[in-house]
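Quick note on numbering: the sequence shown equals residues 19 to 229 in this note's numbering.
Report on one structure; see the data block that follows.
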Amino acid sequence: MSPPFILPRIGSIHDPIRLAVMISGGGSGLSSLLKFQAKQPCCHKIVLILADSEGAGGLEKGRSSGIESLGISIPTEIPRIERRLAHEEIINRHLISSNIELIVLSGYMRILTPTFVGKWKGRLVNIHPSLLPDFPGAHAHRDVLSSGSSLTGCTVHLVDEGVDTGPILAQREVSVMPDDDVNSLQERVKLVEHVLYPEVIDLLCTGQISL
Ligand code: GRF
Numbered sequence: 019m020s021p022p023f024i025l026p027r028i029g030s031i032h033d034p035i036r037l038a039v040m041i042s043g044g045g046s047g048l049s050s051l052l053k054f055q056a057k058q059p060c061c062h063k064i065v066l067i068l069a070d071s072e073g074a075g076g077l078e079k080g081r082s083s084g085i086e087s088l089g090i091s092i093p094t095e096i097p098r099i100e101r102r103l104a105h106e107e108i109i110n111r112h113l114i115s116s117n118i119e120l121i122v123l124s125g126y127m128r129i130l131t132p133t134f135v136g137k138w139k140g141r142l143v144n145i146h147p148s149l150l151p152d153f154p155g156a157h158a159h160r161d162v163l164s165s166g167s168s169l170t171g172c173t174v175h176l177v178d179e180g181v182d183t184g185p186i187l188a189q190r191e192v193s194v195m196p197d198d199d200v201n202s203l204q205e206r207v208k209l210v211e212h213v214l215y216p217e218v219i220d221l222l223c224t225g226q227i228s229l
């Protein structure tokens, strides 16, 4: 039987929920959450940033904000079949030693194993750049454009053992323009993501979301 979703405790300004943000790229979503937290007293704070490579641009954003920011690469020295689990074990050790209470996936491009998800289920959120359940997977914008749809958007969801299948917490729509390409669409959807994701994280950390 798959484990239940256990949501984070309700945070307070004096005892905020300790967040880890996991990234693979430039971290524009990470920046939007940092800005949200800097603007007002919050019931959550980012205390750890993890990337799946030292080359992830977002690590520098974390470091310049004084947040522990680590690039943890897949351990290529061990047999391929064991690598994913070994990588996740290293990640998990950092999460535990930083007393993380909620993991925010923000452009993290690896699929997490059911073993990892099971440990964090309900305390693991993701943002996906489409209106799920439509267009899951790593190429949402490309798939939206080739479908000819005039509407897309973004979805914040809890992560379960599937790919982009967990319970949906919030969605926001974005129009597809006739002259859009993957880049223009991605940039317009990101603008909306950068508002929606911090808002939903805030609701989750203040006990305003239930399943
Ligand atoms: C976002 O579009 C998110 O939906 C997707 O990756 C992008 C994040 O990129 N999964 P960034 O590194 O935060 O700029």
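For every residue, glycine included, the Cβ atom is placed at its ideal position computed from N, Cα and C.
Same chain, Cβ closer than 8 Å to residue i, neighbours up to 5 away in sequence not counted
| i | result |
| --- | --- |
| S30 | C61 |
| E72 | G89 and S91 |
| V143 | L120, I121, V122, L123, V174, H175, L176, V177, L187, V218, I219 and L222 |
| P93 | R101, A104, H105 and I108 |
Test item: CB-CB of residue i and residue j under 8 Å
| i | j | result |
| --- | --- | --- |
| G225 | D182 | no |
| L149 | T170 | yes |
| E119 | R190 | no |
| L176 | F54 | no |
| P185 | L229 | yes |
| I67 | S42 | no |
Rounded C-alpha distance that separates residue i from residue j
| i | j | result |
| --- | --- | --- |
| L113 | V174 | 21 Å |
| G75 | Y126 | 12 Å |
| L187 | G45 | 22 Å |
| L209 | D220 | 18 Å |
| P59 | A69 | 26 Å |
| I85 | E217 | 21 Å |
| R128 | D197 | 30 Å |
| S20 | P147 | 26 Å |
| C223 | K137 | 19 Å |
| V162 | V135 | 27 Å |
| C172 | K57 | 24 Å |
| L103 | G166 | 38 Å |
| S91 | L48 | 19 Å |
| H105 | L123 | 16 Å |
| I145 | E95 | 32 Å |
| E107 | I28 | 27 Å |
| G180 | M195 | 31 Å |
| G80 | V200 | 27 Å |
| I64 | A38 | 6 Å |
| N110 | E100 | 15 Å |
| P132 | S164 | 31 Å |
| H157 | S115 | 34 Å |
Buried/exposed call for residue i, threshold 16 Cβ in 10 Å
| i | result |
| --- | --- |
| M40 | buried |
| E78 | exposed |
| D33 | exposed |
| P26 | buried |
| D178 | buried |
| N117 | exposed |
| R141 | buried |
| L130 | buried |
| I227 | buried |
6 Å Cβ shell around residue i - same chain, five flanking residues per side excluded
| i | result |
| --- | --- |
| H212 | S50 |
| L203 | H159 |
| K16 | There is simply no residue 16 to check, as the chain begins at 19 and stops at 229 in what is shown. |
| F153 | D161 and V162 |
Sequence-distant residues of its chain with Cβ nearer than 7 Å to residue i (five each side left out)
| i | result |
| --- | --- |
| S83 | L52 |
| R206 | V192 |
| S168 | S193 and V194 |
- Message: So within the segment 78-151, which uninterrupted alpha helix (DSSP H) runs reach at least 4 residues, ignoring any that extend past its ends?
- Response: 98-115 and 132-138
- What are the uninterrupted segments assigned as beta strand (DSSP E) that are 3 or more residues long and contained completely in the segment 146-218, given in chain order? 169-176 and 186-193
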